[in-house]
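Everything on this sheet refers to the single structure shown next.
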Amino acid sequence: MPVTPRKARLNRGEQKEIRTKEILDAAWELFCDVGYDSITIDQIAEVAGYSRKPVYTLFGDKQSLFFELWLYRNASLTDLAVSLFDPAQSLRANLRRLAEVTAERSSLSETYAGEGLYIVMQTIALGRPDLAARALAESAEVIKRVTKAIKSCPLEKGERLRGSAELVAAHLIAHINGLSFLRFQTGKNFIKAQDLYEIFLYMAIQSTSERKA
1 MPVTPRKARL NRGEQKEIRT KEILDAAWEL FCDVGYDSIT IDQIAEVAGY
51 SRKPVYTLFG DKQSLFFELW LYRNASLTDL AVSLFDPAQS LRANLRRLAE
101 VTAERSSLSE TYAGEGLYIV MQTIALGRPD LAARALAESA EVIKRVTKAI
151 KSCPLEKGER LRGSAELVAA HLIAHINGLS FLRFQTGKNF IKAQDLYEIF
201 LYMAIQSTSE RKA
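Okay, so the sequence shown: first residue is 1 according to the UniProt record's numbering, each after it adds one.
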């Protein structure tokens, strides 16, 4: 009679990773439904299927939990953005793709909630120097990753970067963040793929004809 192999038991690190994800997913679900101020740790624990003790053990307090949620969501967005830069395509082509995906995502309710989470993170960081320092470090890491993605893409004939790859990355990120903030504050979506593409091009690429003008 064949013996069914036992499933490998998760080690503590793996168990912690799963708990962390489940709690952050629960916090995100509640945040999308009711916003930050109305949420309690007890509610997050209930939705995640835990007592409140593991939540406090992993995150300490509500502010730290939502800061970690922002880091978690921001990492996913950065992964998406970086994945759009295909080294087999020109930087120009990849900027078009970035503009198109940014415009597509701007109409999603999930994107609007993410913009709200960014505002919450900034507000929390104002009174928490420890978290403010981590937010700055995260911003630097995002710029570093986008810089690497830009450097991996070839330029078309007669083109060069308008500045350093790091400067271009910072400008692209700042523009996307600025449009997101404007959308969150006004409730209106100003992002159009073609307009965004043209702005990205001007920020990133200088052509030979432009330099001669």
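Glycine included, each C-beta is placed from N, C-alpha and C at the ideal position.
Around the beta-carbon of L108, fewer than 16 other beta-carbon atoms lie within 10 Å, marking it exposed. The continuous alpha helix (DSSP H) containing E100 extends over residues L91 to R105. Annotated three-state conformation of R134 is helix, per DSSP. When G163, S180 and G178 are compared, the shortest CA-CA separation from A204 is found for G163. Contact between L196 and A81 is ruled out by a C-beta separation of about 13 Å, above the 8 Å threshold. Annotation for Y50: R19, E22 and I23 place their beta carbon closer than 8 Å to its own, counting only its chain and skipping 5 residues before and after. Straight-line spacing of the CA atoms in C32 and R96 works out to 30 Å. Your pair A169 and I199 does not check out as a contact, with CB atoms roughly 15 Å apart and the cut at 8 Å. DSSP lists S207 as the beta-bridge partner residues of E159. Of all alpha-carbon atoms in A45, E159 and N189, the one lying nearest the alpha-carbon of S207 is that of E159. Three or more beta-carbon pairs separated by less than 8 Å link the segment 145-154 to the segment 168-185, which places the two stretches in contact. Annotation: R128 to E17 spans about 25 Å, alpha carbon to alpha carbon.
Residue state for F85 is assigned as coil, using DSSP reduced to three classes.
Residue burial annotation: T111 is buried, with at least 16 other C-beta atoms found within 10 angstroms of its C-beta.
Secondary structure at I191: coil, using DSSP grouped into helix, strand and coil.
Counting only unbroken stretches of 4 or more residues, the alpha helix (DSSP H) elements lying wholly within the UniProt domain "HTH tetR-type" (17-77) are 41-48 and 52-59, in sequence order. Contact between C153 and L91 holds, since their C-beta atoms are separated by about 4 Å, short of 8 Å. With respect to E29, V47 sits close: the two C-beta atoms are nearer than 8 Å.
For T78 against R145, the beta-carbon gap comes to about 6 Å, under 8 Å, which counts as contact.
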